[in-house]
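Participant: I have a structure here, written as structure tokens, and I will follow up with some questions on it.
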Amino acid sequence: MLSAAGIDNVRILDGGLAAWRSAEEPLETGPVAPPPGNVLVRHDDLAAARRPTLTAQQSGSGAVPLLDARSPERFRGDVEPVDPVAGHIPGATNLPSAAVLACDGTFLDKDALTRLLSARGIDRDGPVGAYCGSGITAAVIVAALAAMGREAALYPGSWSEWSADPTRPIARGVG
Numbered sequence: 001m002l003s004a005a006g007i008d009n010v011r012i013l014d015g016g017l018a019a020w021r022s023a024e025e026p027l028e029t030g031p032v033a034p035p036p037g038n039v040l041v042r043h044d045d046l047a048a049a050r051r052p053t054l055t056a057q058q059s060g061s062g063a064v065p066l067l068d069a070r071s072p073e074r075f076r077g078d079v080e081p082v083d084p085v086a087g088h089i090p091g092a093t094n095l096p097s098a099a100v101l102a103c104d105g106t107f108l109d110k111d112a113l114t115r116l117l118s119a120r121g122i123d124r125d126g127p128v129g130a131y132c133g134s135g136i137t138a139a140v141i142v143a144a145l146a147a148m149g150r151e152a153a154l155y156p157g158s159w160s161e162w163s164a165d166p167t168r169p170i171a172r173g174v175g
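The opening position of the sequence shown corresponds to residue 1 in the UniProt record's numbering, with each subsequent residue numbered one higher.
In structure tokens form, the structure reads like this:
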């Protein structure tokens, strides 16, 4: 989101605060008074999104392999706790966002991620897209792929947008 807003040199703390503590890095306590910055983020900046994204039409075209980052139960359409319709975008492959993380919460290494993608029929160098329920957990997939040097497109509207249109096809089951 920060890079989409035009902020350069953005980083992710791989493994989060637990990894920071495990590395015995310093922590501050108490109130923080950050210095004033010179970044102005407007809603229009986010809509312009410099990151690659997919529209609903592109997501459903089959031209780009699509990874569904939701749980297997939501992907199959067994349950849908958020949206009124259960299932997945036809042609999508399930890759739960948690699957790209090691037990300690860090991203899997490049070889492990490559094996995960390959097992799902995703070409090593070809394009790939990701979606979830509302675009949040799919960002974990996009970030993991970026960490291995591979760009992935996010479908920000994700399942909520897709399933809201009654003219769009819906798949259920494992494939």
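From the three backbone atoms N, C-alpha and C, an ideal C-beta is built for every residue, glycine too.
In angstroms with no decimal places, state the Cα-to-Cα distance between Asn-94 and Ser-134.
Facilitator: Answer to the nearest angstrom: the Cα atoms are 15 Å apart.
Participant: By DSSP, does Ala-18 sit in helix, in strand, or in coil?
Facilitator: Here Ala-18 sits in helix by DSSP.
Participant: Under the three-state reduction of DSSP, which class applies to Gly-111: helix, strand or coil?
Facilitator: Checking the sequence, you will find Asp at residue 111 rather than Gly. Correct three-state label for Asp-111: helix.
Participant: In the structure shown, what three-state DSSP assignment does Ala-144 receive?
Facilitator: Looking at Ala-144 - three-state DSSP - the assignment turns out to be helix.
Participant: So, under 8 Å CB-CB, Ile-170 and Tyr-131 are touching, yes? Tell me the CB distance rounded to an integer number of Å.
Facilitator: So it is not a contact: roughly 13 Å between Cβ atoms.
Participant: Could you spell out the range, first to last residue, of the beta strand (DSSP E) harbouring residue 181?
Facilitator: Nothing about residue 181 can be reported from this structure: the residues present for the chain run from 1 to 175 only.
Participant: Below 7 Å CB to CB, which residues in the same chain sit around Ile-7 once its five sequence neighbours on both sides are set aside?
Facilitator: Only Val-39 meet the Cβ criterion.
Participant: Does DSSP classify Asp-67 as helix, strand or coil?
Facilitator: Note on identity: in this sequence residue 67 is Leu, with Asp being the wrong assignment. Three-state result, Leu-67: strand.
Participant: Could you tell me whether the Cβ atoms of Ala-153 and Leu-145 are closer together than 7 Å?
Facilitator: No. Outside cutoff.
Participant: Whose C-beta lies closer than 8 Å to the C-beta of Asp-165 among residues of the same chain, with five residues either side of it excluded?
Facilitator: Hits under 8 Å: Ala-56.
Participant: With Tyr-155 and Ser-59 assumed to form a contact (beta carbons below 8 Å), what rounded beta-carbon distance in angstroms separates them?
Facilitator: The Cβ separation is near 5 Å, so the contact holds.
Participant: Over the uninterrupted alpha helix (DSSP H) stretch that includes Arg-73, give me the two end residues.
Facilitator: Arg is not the amino acid found at residue 73; the sequence shown has Glu there. Per DSSP, Glu-73 belongs to the alpha helix (DSSP H) from 72-76.
Participant: Grab me the residues of Ile-12's own chain with a C-beta within less than 8 Å of its C-beta, minus the 5 sequence neighbours each way, in chain order.
Facilitator: Once the five neighbours on either side are set aside, the close Cβ partners of Ile-12 are Ala-143, Ala-147.
Participant: Any idea what DSSP makes of Arg-50, helix, strand or coil?
Facilitator: Note that Arg-50 has pLDDT 48, beneath the 50 cutoff, so the model's placement of it is unreliable and the number below is only indicative. DSSP places Arg-50 in coil when its eight states are reduced to three.
Participant: Taking the alpha-carbon of Asp-111 as reference, which of Gly-149, Trp-162, Pro-127, Gly-87 has the nearest alpha-carbon?
Facilitator: When each option's Cα is compared against that of Asp-111, the closest is Gly-149.
Participant: Distance check for Leu-2 and Asp-45, CA to CA, integer angstroms please.
Facilitator: At Asp-45 the pLDDT is 48, less than 50, meaning the model places this residue with poor confidence; the figure from the coordinates comes in the next sentence. Whole-angstrom Cα-Cα distance: 10 Å.
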